[in-house]
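To start, the structure itself, in structure tokens.
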Amino acid sequence: MAKKPIGPVRRAFAPWDDPAQPAFIEFRNVTKRFGDFVAVDDLSLTIYEREFHALLGGSGCGKTTLMRMLAGFENPTSGQIFLEGQDLAGIPPYRRPVNMMFQSYALFPHMSVEKNIAFGLLQDKMPKADVDKRVKEMLQLVKLEPFAKRKPHQLSGGQKQRVALARSLAKRPKVLLLDEPLGALDKKLREETQLELMTLQEDLRMTFLIVTHDQEEAMTMADRISVMDHGRILQNDTPATIYEMPNSRFVAEFIGDINILEGQISKKEGDQIQLFSSVLGDHLDIVQSIDVNVGDKAALAIRPEKMRISFDKPEGPGINAIPGEVWDIAYMGDVSIYHIKIAEAVTVRSIVANTTRLVERPITWDDKIWLSWNRDAGVILTR
Amino acid sequence: MVTKDLPVKKTKKGSPLLDYVMRLLPFFWLLLFFLVPFIIVYKISLSTIALSIPPYEPMLSLKEGIEGVKTFWDGLSWDNYIFLTEDPLYLSAYLSSLKIAFFSTVIALFVAYPIAYGMARSPREWQPTLLMLVILPFWTSFLIRVYAWIGILKSDGVLNQLLLWLGVIDSPLTILNTNTAVYIGIVYSYLPFMILPLYASLEKLDGSLLEAAEDLGCPPWKVFWRVTLPLSMPGVIAGCFLVFIPAVGEFVIPDILGGSETLMIGKTLWVEFFSNRDWPLASAVAVILLLILVIPITLFQRHQAKQEGHD
Amino acid sequence: MNRGPSYFSLTAMVLGFAFLYLPIVLLIIFSFNESRLVTVWAGFSTKWYVELFRNEQLLQAAWVTLRVAVTSATLATVLGTMAAMALTRQRRFFGRTLFSGMIYAPLVMPEVILGLSMLLLFVAMDQARGFWTIMIAHTTFTMCYVAVVVQSRLAGFDRSLEEAAMDLGCPPLRTFFSITLPQIMPGVIAGWMLAFTLSLDDLVIASFTTGPGATTLPMKIYSQVRLGVTPEINAVCTILIGIVTLGVIAVSITSKRQRLQQERDERMAMEQ
Chain C
596 MAKKPIGPVR RAFAPWDDPA QPAFIEFRNV TKRFGDFVAV DDLSLTIYER EFHALLGGSG
656 CGKTTLMRML AGFENPTSGQ IFLEGQDLAG IPPYRRPVNM MFQSYALFPH MSVEKNIAFG
716 LLQDKMPKAD VDKRVKEMLQ LVKLEPFAKR KPHQLSGGQK QRVALARSLA KRPKVLLLDE
776 PLGALDKKLR EETQLELMTL QEDLRMTFLI VTHDQEEAMT MADRISVMDH GRILQNDTPA
836 TIYEMPNSRF VAEFIGDINI LEGQISKKEG DQIQLFSSVL GDHLDIVQSI DVNVGDKAAL
896 AIRPEKMRIS FDKPEGPGIN AIPGEVWDIA YMGDVSIYHI KIAEAVTVRS IVANTTRLVE
956 RPITWDDKIW LSWNRDAGVI LTR
Chain W
12 MVTKDLPVKK TKKGSPLLDY VMRLLPFFWL LLFFLVPFII VYKISLSTIA LSIPPYEPML
72 SLKEGIEGVK TFWDGLSWDN YIFLTEDPLY LSAYLSSLKI AFFSTVIALF VAYPIAYGMA
132 RSPREWQPTL LMLVILPFWT SFLIRVYAWI GILKSDGVLN QLLLWLGVID SPLTILNTNT
192 AVYIGIVYSY LPFMILPLYA SLEKLDGSLL EAAEDLGCPP WKVFWRVTLP LSMPGVIAGC
252 FLVFIPAVGE FVIPDILGGS ETLMIGKTLW VEFFSNRDWP LASAVAVILL LILVIPITLF
312 QRHQAKQEGH D
Chain U
0 MNRGPSYFSL TAMVLGFAFL YLPIVLLIIF SFNESRLVTV WAGFSTKWYV ELFRNEQLLQ
60 AAWVTLRVAV TSATLATVLG TMAAMALTRQ RRFFGRTLFS GMIYAPLVMP EVILGLSMLL
120 LFVAMDQARG FWTIMIAHTT FTMCYVAVVV QSRLAGFDRS LEEAAMDLGC PPLRTFFSIT
180 LPQIMPGVIA GWMLAFTLSL DDLVIASFTT GPGATTLPMK IYSQVRLGVT PEINAVCTIL
240 IGIVTLGVIA VSITSKRQRL QQERDERMAM EQ
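Protein chains in written order, with our numbering: chain C, 596 to 978; chain W, 12 to 322; chain U, 0 to 271.
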């Protein structure tokens, strides 16, 4: 378990904002085709030293292919990959200073835990005494000292995962690649391990690249997330920016829950924008500096927790309010999710924190209510 | 958009050199010792028997240049094939081989199905042992297993003694050196080849399917006919091919257990080669046999490929 | 589907296994017969076995057979394993269809054709026939069996193990020997055993490709069989059956033990 606080160092870490910062890993216009299938499509991405970067996307989005190209298991059809300025083309996987933790763990079944960890070190012809010392360190790091002599099939899932981690860390690689590292663990163990991985990454001051389809995992651990679809990166940003300012419908819907209202830009004065929604028959105010023109088709996306409900119409300058009717309520304990019907066949969700101990909530089924949100709560999406 | 295709060295999945060695070494071995011999067999089937070493002519002599090739080419003829069609002995040998192989396959299927069915329905913990019992004879010598039947089938053999003792018969039956003995030999020797694929497909059969069928009001015999049998068809087909194809060209069984009435093409080929020393004719017999077998072999491979696709 | 055997299927199995094993059992019993008449029981005796060991020719043939079987099985295992690797790993290459065709065809090809064609090759090559030609012929047809056996083992092999090894700095050839080979070893051993017994048993191909001085045991048995059944042959056969049976049973018991041990370990790991 992580005992150390996740301190402010983490928050201050933002090399991507510093133009003088050199790239550590760079994918430059990388394309990978398997026959007719385009797995990675003219993709460029820069990752900085000591960054914890997550490639997030559904299956078949190209995230694993991208990682395997960095490890050297696949070659780009076109484009280049650089590590510390060195072009990796033609360098076989066994000569690349990156190590990978496999989704299946890929522990060698015929070797004991310590032999597994020592495997990579022995390939480098490291002296025996140093190997033993390093193996011991790694066992300590993942708290598996008593299991050194065991074979992989004598370990539980969580223990196997830690051996795989220790083995890929043993060589002190420049980059650690993690392919869905926590996929096979149960929820509780997964959360613990997430914290452990974060602490480990900070302590070892290493660059981590993780592939995952689990948005919560990416949000929790990564410094930056690249959301991928169809072999392209749709958005590459910090978790907070990705959540608060998604740049497309796909990103908005992939991460968290969101309400989307379709419409047309009806007014634009600087960052003061109005969107006309034909289903509501109403103009909605938004504050956002974005390049749109009057008449453009666009959508307003608002997270459910940013939508309030009340019996009285809230008044005030920066507030949008529309009438609605409670369609359904899902009581989740900590919060309740209200499904509000705002037009024929159009419902939106509002999340309300259950701040009191009342079993009967004041707002209930079929109530006529007002749905409101601040002008700066939503984002305009044009893609 | 112009994409610049950079020349990328192939490093995919390790070393290409290792991949080349892995595939070219066995490939060339098989090319040299399996495929090339067939071309030679075909070439010799077009030659004529001669009193020389090796006992056929013409010989290709490259020393004489183009002229040598031409003489060689002129020396080749279809005579052996024409002879094969003219002498009814060969035609009946081919037909009789196909007939014996076909009926042996059918008998083997009927013998093997209940055994495989019983194995598949046995308790889980018995199954590895039962499987082992089927495979074990396959590991023991074919020749020995065929030989063992002589002692049983001959006129003073175990079977006749038993039947005489039981009073079923008055005088010994003649079984050895008849076609009946050949049928027994083939069914016996190839039975494991039939049981194994049948068992594999029956074992995969989900028990709840049968229960579902019975639950829906289907009587047991109908369940077998409507559910079990159709679902075990892949095993039936694979087993039949595995018995039929090698049985057509069988030599040891007809030679040891069969008699003068037994005509099988494998034996004919052997006799032509070893007794008559007519290598060209033996080659022609082999070429025709191969052509006959190409059809079932191709069908079998297609069936296997389809099954692999399903799994 | 296992709902316990019914009387019908139990009877079918008993009769079926009796059919499979009775001839072999009878053969073994009569190898211990005192009388030269194979079919009449005249009391227990091991004299035919003693006689065997005085038969120079038979021992000579056995020695040739053993040498052919060991060398050809070993070579066939190397080539067959390579072929299996190529077929499972390399999805597309020039001549793949021909290659897989050449692997599968010998499995169903009549032995007379295989024997004849290989002999004609050796004649065309002007190669003196004997030990080496039998060995090559046996390697050729048994490597296909090895390829099929190893292929089925490779099908269940997790390729990420190899990738992990290479990722940790292990070059391909070393990866093959330190990771892949230990994992597919049971298949390779089974392949070797199969190749060995096939070579040990073969009569037809050896008869075609043999030369002076290289008579194998099956050829010897065959020439004796044509003269009639004798207790000596029964004794030879009994020894051969005994060796093969012991080998197969030993291997299957060891692998079963290993599997049980592994299952126990896994259960223990889960309970921690």
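Quick reminder that beta carbons are idealized off the backbone N, C-alpha and C, glycines included.
No experiment lies behind these values; they were computed from the predicted model shown.
Taking T73 of chain U as the reference, give the member of U:F195, U:V122, U:P230, U:A17 with the closest Cα. As a first step, residue 73 of chain U is located in the third sequence; it is residue number 74 there, counting from the start. Answer by Cα proximity: U:F195.
Length at least 4, wholly inside the stretch 733-781 of chain C: the alpha helix (DSSP H) runs in chain order: 752-764
Based on Cα-Cα distance, which residue from W:Q312, W:A127, W:F285 lies nearest to K215 of chain W? Indexing the second sequence from 1 puts residue 215 of chain W at position 204. Per the Cα distances, W:A127.
Throw me the rounded Cβ distance for the S294 of chain W and I55 of chain W pair, which I believe falls under 8 Å. Taking the first residue of the second sequence as position 1, residue 294 of chain W is located at position 283. Taking the first residue of the second sequence as position 1, residue 55 of chain W is located at position 44. Between I55 of chain W and S294 of chain W the Cβ distance is about 4 Å, and since that is below 8 Å, they are a contact.
Assuming L739 of chain C contacts V708 of chain C (C-beta within less than 8 Å), just tell me the rounded distance between them. By one-based count along the first sequence, residue 739 of chain C stands at place 144. By one-based count along the first sequence, residue 708 of chain C stands at place 113. About 6 Å; that satisfies the 8 Å criterion.
Only counting the same chain, and skipping five residues up and downstream in sequence, which positions put a Cβ closer than 6 Å to that of S212 of chain W? In the second sequence, residue 212 of chain W corresponds to position 201, counting from 1. Once the five neighbours on either side are set aside, the close Cβ partners of S212 of chain W are S243, P245, G246.
Let me know the secondary structure DSSP gives K110 of chain W once reduced to three states. As a working mapping, residue 110 of chain W is identified with position 99 in the second sequence. Helix.
S88 of chain W (DSSP reduced to helix, strand or coil): What you label residue 88 of chain W is simply residue 77 of the second sequence in a count that begins at 1. The answer is coil: DSSP assigns S88 of chain W none of H, G, I, E or B.
Among C:V726, C:I917, C:A618, which has the Cα closest to the Cα of F564 of chain C? It is not possible to answer for residue 564 of chain C, since the shown part of chain C is limited to 596 through 978.
Considering only residues of the same chain and omitting the five flanking positions on each side of F593 of chain C, which have a CB-CB separation below 6 Å? This structure cannot settle anything about residue 593 of chain C, because the visible part of chain C is limited to 596 through 978.
Which chain C residues are close to S159 of chain U, counting only those with a beta carbon under 8 Å from its beta carbon? In the third sequence, residue 159 of chain U corresponds to position 160, counting from 1. Result: F697, Q698, S699, A701.
Drop a sphere of 10 angstroms on the beta-carbon of D929 of chain C, count the other beta-carbons inside from all chains shown, and report buried for 16 or more, exposed for fewer. What you label residue 929 of chain C is simply residue 334 of the first sequence in a count that begins at 1. Result: exposed.
For chain C, is any of its Cβ atoms less than 8 Å away from the one on P185 of chain U? Position 186 of the third sequence, counted from the first residue, corresponds to residue 185 of chain U. It does not; no Cβ of chain C falls within 8 Å.
Taking the beta carbon of D200 of chain U as the centre, do at least 16 other beta carbons fall within 10 Å, making it buried, or is it exposed? In the third sequence, counting from the first residue as 1, residue 200 of chain U sits at position 201. Buried: at least 16 other Cβ atoms inside 10 Å.
Please list, in chain order, all residues of the same chain as T836 of chain C whose beta carbon is under 7 Å from its beta carbon, the five residues on each side excluded. The residue labelled residue 836 of chain C in the question sits at position 241 within the first sequence. For T836 of chain C, where only same-chain residues beyond five positions count, there are no Cβ hits under 7 Å.
Give a yes or no on whether 8 Å exceeds the smallest Cβ distance from M596 of chain C to chain U. Residue mapping note: residue 596 of chain C aligns to position 1 of the first sequence, counting from 1. Residue placement at M596 of chain C is flagged as unreliable, the pLDDT there being 42, under the threshold of 50; a coordinate-derived value is accordingly withheld.
8 Å is my cut-off, CB to CB: does Y689 of chain C come that close to chain U? Translated into positions along the first sequence, residue 689 of chain C becomes position 94. True, the Cβ-Cβ gap to chain U drops below 8 Å.
Give the straight-line distance between the Cα atoms of V263 of chain W and F38 of chain W, rounded to the nearest whole angstrom. To locate residue 263 of chain W, count along the second sequence from 1; it is residue 252. To locate residue 38 of chain W, count along the second sequence from 1; it is residue 27. Approximately 30 Å, taken between the alpha carbons.
Which residues does DSSP list as the beta-bridge partners of Q59 of chain U? Position 60 of the third sequence, counted from the start, is the residue given in the question as residue 59 of chain U. Looking at the DSSP assignment, Q59 of chain U forms no beta bridge with any residue, so it has no partner.
Distance check for P208 of chain W and E319 of chain W, CA to CA, integer angstroms please. Position 308 of the second sequence holds residue 319 of chain W. Position 197 of the second sequence holds residue 208 of chain W. Each residue's Cα considered, the two are about 13 Å apart.
Spatially closest choice to K110 of chain W from W:G260, W:L302, W:V305, W:L36, by CA coordinates: Taking the first residue of the second sequence as position 1, residue 110 of chain W is located at position 99. Out of W:G260, W:L302, W:V305, W:L36, W:G260 has the C-alpha closest to the C-alpha of K110 of chain W.
Checking contacts by CB at 8 Å: is S707 of chain C closer than that to chain U? Taking the first sequence and counting its residues from 1, one reaches residue 707 of chain C at position 112. Output row for S707 of chain C: interface = no.
Below-8 Å beta-carbon distance, H748 of chain C vs any chain U residue: What you label residue 748 of chain C is simply residue 153 of the first sequence in a count that begins at 1. Output row for H748 of chain C: interface = yes.
Nearest-angstrom Cα separation, counted from K766 of chain C out to I828 of chain C: As a working note, residue 828 of chain C is residue 233 in the first sequence. As a working note, residue 766 of chain C is residue 171 in the first sequence. Each residue's Cα considered, the two are about 30 Å apart.
Beta-carbon of E110 of chain U versus every beta-carbon of chain C: anything under 8 Å? Working through the third sequence from its first residue, we reach residue 110 of chain U at position 111. No, no contact with chain C.
Cβ-based neighbour list, V846 of chain C, same chain, cut-off 6 Å, excluding 5 preceding and 5 following: For the purposes of this step, residue 846 of chain C is identified with residue 251 of the first sequence, where counting begins at 1. The answer, listed in chain order, is V822, L829, Q830.
When the Cα atoms are used, what is the spatial distance from R617 of chain C to I642 of chain C? Here residue 617 of chain C is taken as the residue at index 22 of the first sequence, counted from 1. Here residue 642 of chain C is taken as the residue at index 47 of the first sequence, counted from 1. Residue 617 of chain C is actually Pro in this sequence, not Arg. Going from the Cα of P617 of chain C to the Cα of I642 of chain C covers about 9 Å.
Does the beta carbon of F18 of chain U come closer than 8 Å to any beta carbon on chain W? Here residue 18 of chain U is taken as the residue at index 19 of the third sequence, counted from 1. Output row for F18 of chain U: interface = yes.
Put Y201 of chain W into one of helix, strand or coil per three-state DSSP. The residue you call residue 201 of chain W lines up with position 190 of the second sequence. DSSP places Y201 of chain W in helix when its eight states are reduced to three.
Do L253 of chain W and M205 of chain W have their CB atoms nearer than 8 Å? Residue mapping note: residue 253 of chain W aligns to position 242 of the second sequence, counting from 1. Residue mapping note: residue 205 of chain W aligns to position 194 of the second sequence, counting from 1. It is a contact, given that the beta carbons lie within the stated cut-off.
Which same chain residues, not among the five before or five after K46 of chain U, have their C-beta less than 8 Å away from its C-beta? On the third sequence, position 47 is the one that residue 46 of chain U refers to. Answer for K46 of chain U: E33, listed in chain order.
Limits of the alpha helix (DSSP H) - the one that A666 of chain C falls within: In the first sequence, counting from the first residue as 1, residue 666 of chain C sits at position 71. Element bounds for A666 of chain C: 658-666.
For I248 of chain W, return the contacting residues in chain U, with the cut-off set at a CB-CB distance below 8 Å. In the second sequence, counting from the first residue as 1, residue 248 of chain W sits at position 237. Those within 8 Å of I248 of chain W in chain U number zero; the least Cβ separation is about 14 Å.
Roughly how many angstroms separate the alpha carbons of M721 of chain C and M706 of chain C, rounded to a whole number? Here residue 721 of chain C is taken as the residue at index 126 of the first sequence, counted from 1. Here residue 706 of chain C is taken as the residue at index 111 of the first sequence, counted from 1. When rounded, the distance between both Cα atoms is 19 Å.
Are there 16 or more other CB atoms within 10 angstroms of the CB of Q681 of chain C, so buried, or fewer, so exposed? Counting from 1 along the first sequence, the entry for residue 681 of chain C is found at position 86. Its Cβ having fewer than 16 others within 10 Å, Q681 of chain C is exposed.
Rounded separation between A268 of chain U and Q796 of chain C - CA only: Working through the third sequence from its first residue, we reach residue 268 of chain U at position 269. Working through the first sequence from its first residue, we reach residue 796 of chain C at position 201. Straight-line Cα distance between these residues: approximately 28 Å.
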